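Here is the structure we will look at.
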Amino acid sequence: MTQHFKHFIEGAHTESSDAGRLELVNPVNEQVYATAASGTAQDVDRAVSAANFQLYGGAWSKLNGTHRAALLNQLANLVERDLELLADMDARAIGRSPMEPRMLDVPNAIANLRAAAGWATQLEGRTIPTDGYMGMRTLSYTVREPVGVVAAIVPWNAPLMITTWKVAALLAAGCTVVIKPSEETPQSALHLAALCQEAGFPDGVVNVVMGVGEVVGRALCAHPKVAKISFTGSPEAGATIQRVAAPLFKRVTLELGGKSPQIVFDDARFDDAVRGCAMGLFVNQGQVCAAGSRILVQKNIAQKFSEALAQAAKSVTVGDPSLAGVQMGPVAKKAQYERVNRYIRQGIAEGAELLAGGVSEPIQGWFVQPTIFSNANNEMSIAREEIFGPVGTVLTFETEDEAIELANDSSYGLAATVWTSNLERAHKVAGSMRVGAVGVNCWSPLDANLPWGGLKSSGIGREGGLPGALSYTEEKVISVLLP
Ligand code: NAD
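Numbering of the sequence shown is given in my numbering, commencing with residue 1164 and proceeding in unit increments.
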């Protein structure tokens, strides 16, 4: 029998008010493997009301930072207990090899919860000297209060990990949440919410409403009792969310797309740079916001480097990720398959040289071969636009200044990588990148204690580390007259 998933509202699994359902499709064989409740504005209202009650009067509102830290640590222990189960849920939903989420996503989720447990007692206010009030002395101090009910809207590419970027930090800050997972990947969010109940979080603190972005996501963003929207996804949806949230004065954090440069200088350790660039291109089928999909290579090594990268692409075994020896599964959904192939066709039509991969053969399953273009320029769509698939575009430069200019000539500003053995150059180039994070001789360093977020079309705000936890608080001033 096909599995069916229900919303998780106020600690109970419930159907949608109109009994609507979504189908979940396996990208390996294009077969429906489960269905999920597809929510309505009414379901959103029930979940937000439960979250609002816990925040302003329920058992959660009475817990202090020490209690919240204990609950977060217990949740981390339960996620660790269910590591394989959670990794397999996320892997199956998008056709990914389960090894990647077992090694990367779920350990990062556990680390996020443990790091946030540490912040729960550290969200301090300040005592601020002032000029007093009408000639009298005052004592002025600030306190950090939870921002309110949060809508956490999550994409499909790394569902559990991204959910915990939001949920760990907001729970540390004392907020409550309604999670809206993507249409394709609701299962790990539901399991996380059930683990919250098992850990002892009061019912209603963590809720999950599944469904279509334009319905459930929009209703959450417009709900008067939602104070903050924490969104990860495409720039297009991010812009819509800003428009909905603006007249309602909601706080908004946006983690959006990227077209991140990997700059390879001729003094880089060649094999490390090839391996690192390939990893930055092909992890999770290239469906990574920080994918290093613009490879900028110094001209004198460009041909040798492009050929080595193409060789690395050709050596990747693509197929059903449950089979031994397969390193790369299909892309996550039909729309993604069509999008990636459209860009590959466009790259060829624009005149870039195809060194590996190419347009997919129509077979069952949404498989795309790792693809490398060389001899491209920065005006081509394959150099400017986010493809979100295993496609890399090699561009060339001659000088350090040219590399910096080329890297920054992008509407995105999420991440960058610099491959060089020259320490001074590494710091100079890293300092010149207009992005949120730079890896030097390592692609996209992600850690629960580091802030993460982008500039320009890559978004607004930071998640992770102390800034991530503080973003779920409001700093309130209290001034006491001392006559
Ligand atoms: P998407 O924008 O289509 O969907 C993301 C989520 O938003 C889904 O849950 C969707 O249902 C919901 N949504 C869609 N329209 C909405 C609306 N009008 N109102 C409210 N919610 C709405 O993105 P996607 O295809 O799921 O994810 C891919 C994108 O996410 C890529 O651009 C990628 O770069 C980005 N991403 C960014 C980061 C980061 O940290 N910067 C991390 C992962 C993914």
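Just so it is clear, CB atoms sit at the ideal spot from N, CA and C, and this is done for glycine as well.
Only a predicted model underlies this, so the values are computations on that prediction, with no experimental measurement involved.
Between ligand 1 and Ala-1400, a heavy atom-to-CB distance of less than 6 Å is present.
With a cut-off of 8 Å on Cβ pairs, the segment 1570–1586 is in contact with the segment 1595–1613, counting three or more such pairs. At least one heavy atom of ligand 1 is found less than 6 Å from the C-beta of Ile-1316. Within the same chain, and ignoring the five residues on either side of Thr-1327 in sequence, the residues whose Cβ sits closer than 7 Å to its Cβ are Ala-1272, Asn-1275 and Leu-1276.
Close CB contacts of Ala-1471 within its chain, under the 7 Å cut and outside five residues either way in sequence, are with Val-1437 (chain order). Looking from the CA of Leu-1267, the closest CA among Ser-1607, Tyr-1635, Pro-1646 and Ser-1397 belongs to Ser-1607.
In this structure, Val-1371 places its C-beta atom within 7 Å of the C-beta atom of Phe-1171.
The segment 1292–1373 contains, as complete beta strand (DSSP E) runs of 3+ residues, the segments 1300–1309, 1312–1316, 1339–1343 and 1369–1371 (chain order). In chain order, Ser-1642 and Leu-1644 place their CB closer than 8 Å to the CB of Tyr-1296, counting only its own chain and leaving out the 5 sequence neighbours on each side.
The beta-carbon distance between Gly-1617 and Gly-1443, rounded to whole angstroms, is 16 Å. This is too long to meet the 8 Å contact definition.
The residue among Ala-1233, Glu-1186 and Leu-1286 with its C-alpha nearest the C-alpha of Leu-1633 is Leu-1286. Out of Pro-1553, Glu-1418, Pro-1424 and Val-1531, the CA that lies nearest to the CA of Ala-1566 is found in Pro-1424.
Cβ atoms of Ala-1332 and Ala-1280 stay farther apart than 8 Å, at about 11 Å. Proximity of the beta carbon of Asn-1447 to ligand 1 is not indicated: no heavy atom of the ligand is located closer than 6 Å. Residue pairing by DSSP places Met-1491 opposite Val-1481 in a beta bridge. Under the three-state reduction of DSSP, Thr-1284 is assigned to coil, being neither helix nor strand. For ligand 1, no non-hydrogen atom lies closer than 6 Å to the CB of Glu-1361. Distances from the CB of Glu-1377 to the heavy atoms of ligand 1 include at least one below 6 Å. A direct Cα-Cα distance of roughly 19 Å separates Ala-1314 from Leu-1235. Excluding sequence positions up to five before and after Gly-1439, its CB lies within less than 6 Å of the CB of Trp-1606, all in the same chain and listed in chain order. Judged by DSSP secondary structure, Gln-1532 falls outside any beta strand (DSSP E); it is assigned neither H nor E.
The C-beta separation of His-1386 from Val-1211 comes to about 5 Å, placing the pair in contact by the 8 Å criterion.
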